[in-house]
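Protein chains in written order, with my numbering: chain A, 75 to 370; chain B, 2 to 227.
C-beta atoms are modelled at their ideal positions from N, C-alpha and C, and glycine is treated no differently.
Here the structure is a predicted model, which is why all the values come from computation and not from measurement.
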Amino acid sequence: MEHAVIHIDIIKNIHTAHGTLPLSFSAQLHPGDIHALYGESGAGKTTILRILAGLTTPDEGYIRYGKTLWYDSKNKINISTQERNIGFMFQDYALFPHMTVLQNIQFAALPFDTALCTSLIHSFNLQELQHRKPHQLSGGQKQRVALARALARKPSLLLLDEPLSALDSTMRQSLQLEIKKAHELFHACTIMVSHDVFEICVLAHKVFAISNGVIAKHGTPSEVFRANTISGKVQITGRISSIAQHETLYIVTVVSTSGQIIQVLAMPSDIQDLGIGSFVMVYTKAFNPLIMKLHT
Amino acid sequence: MDEEFIETMLITAQLSTVTTGILLCVGMPLAYWLAYSNVRFKPIVEALVSMPMVLPPSVLGYYILVAYSPNHWFGQWLLQHWDIQLAFTFEGIVIASVLFSLPFMVQPLCNGFRQVPQSIVEASFTLGKSKRVTFFKVLMPSIRPSIITAIALTFAHTIGEFGIVLMVGGNIPGETRVASIAIYDQVQALNFEAANTYATILFVIALVLLTLIYSLQKNKSSWNML
């Protein structure tokens, strides 16, 4: 299925705990890409997803999907959520409590499209869970069902609101793969809200860092999260899994975003603000790999 | 006595069933509106719906009786256009019961609607489902325990009505004499055995219905029970 580019340029005053915040968001979202909206909570990330979905109406601006206007304040166009062909995964997953896993997915699919339902059940390993109700599922299982359901309509735009926030770290890693899979199934333009830099580096092609209602930075994950002063030859980003002292030096083990394990020697001064779980960049300058903390 | 007893119980069952049926149709949209609407005059509608819970049945019964009277515009209009007189008839007590039991239907339904997470309704919209489909396929099944509670409460409360039925319907055998009134009537006639039979039946029905409601509330995952 051919997907079109989404143009969005909107303004919306949102009411937060700290008063009214003018939110403005202007971007081109490309089919086949995973975009991440990054920023602290209350910055308006979820509101942007809701505006794209048609669940929240912006104050001004336009949203265009290819040649179709979804929203245009000047011409008073506002296509309903139902007509936008999107998939939306809510933070609380919003599974229908009275339906089984299979019924949840079937409800979303076109009538009689059983082939698609079956293939989604297989893709997300839900065969054994398909006759269970949502309250009998774990958090990770609910997430897989919610992803499968969001895809059952073959959406042109897949919106994921903090898809992994409710899960522990081991669960997160296996479910990151599920999101990648979800994206690859239909190559829908995907937008996810996240405040986990590691997750964004693993999944996203493009990042919009939102701060106080505006786009503070945007670009590829390494462009957005990298300290700009490095001119190393090799740059690998990852997360520290252990720090061991070896005489006067330290051996730092880093798990890279691609799953590689790298060991780096570090001076006591280097590791001062590093700890297990710190998000770091390993880079070479001249000969030795060096390590530095990334701003998150 | 036996025939009269069966007749009275049948009228009681009829009144409760018809009242509950009408209230389900009226109460569902009203509860939905109360749960989701934001209009400024909503508190007054909420207050009016809840009035029968605090008002003596005789007050409501008095107003209804006045409205039914041919001297009043409503009663006059009914008589002139439809040739209907509602005072001391079965239809008359049905309408009175509907008004009097309204909060027992609307409040559980309204609470049910309010407890449904907004995201579930929105999820249905994002899956391309219209408001109507969402209401019948998502919202209604989601509040199934509340619907059962509302029906059981309304039914039990209508059976238990005394004051308003007596005011509006009187005590006409085969027309408006229900079990609760028959008890009073039998006690007045010093016929304690018959009064006891009626009382026992009403006691058991109320106990069964309330036990059903409480076991529903205890079992949160009642989607499986029903």
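Using the beta-carbon count (16 or more within 10 Å), is residue i buried or exposed?
i      : result
D242/A : exposed
V50/B  : buried
L227/B : At L227/B the pLDDT is 39, less than 50, meaning the model places this residue with poor confidence and gives no usable figure here.
G93/A  : exposed
K207/A : buried
Y199/B : buried
G118/A : buried
P185/A : exposed
I335/A : exposed
K43/B  : exposed
E321/A : exposed
R133/B : exposed
K130/B : buried
N178/A : buried
V205/B : exposed
D347/A : exposed
T142/A : exposed
C26/B  : exposed
T121/A : buried
T102/A : First, the residue type needs correcting, since residue 102/A is Gln and not Thr in the sequence shown. Exposed, by the Cβ-count rule.
G28/B  : buried
V271/A : buried
H109/A : buried
Residues of chain A with CB closer than 7 Å to the CB of residue i, please, in chain order.
i      : result
G113/B : Ordered by position in chain A, no residue passes the 7 Å Cβ test against G113/B, which lies about 12 Å from the chain.
In the DSSP output, what is residue i paired with across the bridge?
i      : result
L143/A : R138/A
T192/A : Answer by DSSP bridge pairing: none, since T192/A is not bridged.
T322/A : Note: T322/A sits in no beta bridge, so no partner.
M266/A : A110/A, L234/A
T127/B : Answer by DSSP bridge pairing: none, since T127/B is not bridged.
M355/A : T311/A, M366/A
A182/A : According to DSSP, A182/A bridges with nothing at all.
D83/A  : S100/A, Y136/A
K280/A : H109/A
K43/B  : DSSP, once it has assigned bridges, lists no residue as partnering K43/B.
I88/A  : L95/A
F162/A : L233/A
V329/A : R313/A, I335/A
G293/A : V281/A
A340/A : Y324/A
I151/A : D146/A
V73/A  : Residue 73/A is absent from the structure shown; chain A starts at 75 and stops at 370.
Spatial neighbours of residue i within its chain, please: CB distance less than 7 Å, with the 5 preceding and 5 following residues excluded, ordered by chain position.
i      : result
T21/B  : I152, T155, F156, T159
V338/A : V326, V328, V356, P363, I365
T131/A : N152
I96/B  : L87
If you drop the 5 nearest sequence neighbours on each side, which residues of the same chain put their C-beta closer than 6 Å to that of residue i?
i      : result
R41/B  : none
R246/A : L238
Q180/A : C191
P96/A  : N87, G287
At 7 Å on the CB atoms, spell out the chain B contacts of residue i, in chain order.
i      : result
A278/A : Ordered by position in chain B, no residue passes the 7 Å Cβ test against A278/A, which lies about 21 Å from the chain.
F160/A : Going by the sequence as given, residue 160/A is Ile instead of Phe. Simply T127.
A182/A : L128
R401/A : With chain A represented from 75 up to 370, any question about residue 401/A goes unanswered, as that position is not in the structure.
For a contact meaning CB atoms closer than 8 Å, what does residue i contact in chain A?
i      : result
R178/B : Per Cβ cutoff of 8 Å: no residues; R178/B is ~42 Å from chain A at best.
A200/B : Chain A residues near A200/B: none, gap ~39 Å exceeds 8 Å.
So which residues on chain B does residue i lean against when the C-beta distance must stay under 8 Å?
i      : result
D166/A : P118, S120
Q201/A : Correct list: empty, because the minimum Cβ distance to chain B is about 21 Å.
Compare the C-beta of residue i with all C-beta atoms of chain E and state if any pair is closer than 8 Å.
i      : result
E162/B : This model lacks chain E altogether; the protein chains it does include are A and B.
Could you tell me which chain B residues have their CB closer than 9 Å to the CB of residue i, listed as they occur along the chain?
i      : result
F170/A : I121, A124, S125, K138, V139, P142, S143
T155/A : E123, F126, T127, G129
Tell me which same chain residues have a C-beta within less than 8 Å of the C-beta of residue i, skipping the five on either side of it?
i      : result
P171/A : K207, P208, H209
G113/A : K119, H269, A283, I284, S285, A290
S154/A : G128
E47/B  : L35
I144/B : L110, G113, F114, Q116, V117
- prompt: Residues in the region 105-139 of chain A with C-beta within 9 Å of chain B's C-beta atoms, listed in sequence order?
  reply: R124, A127, G128, L129
Chain A contacts from the region 131-151 of chain B (Cβ-Cβ distance under 8 Å): S131, K138, V139, P142, S143, R145
message: Using a Cβ-Cβ cutoff of 8 Å, what residues of the region 25-49 of chain B are near chain A? List them in chain order.
response: If the cut-off is 8 Å between Cβ atoms, the region 25-49 of chain B has nothing near chain A.
Short-range partners of chain B found in the region 209-228 of chain A, where Cβ spacing is below 7 Å: H209, R227
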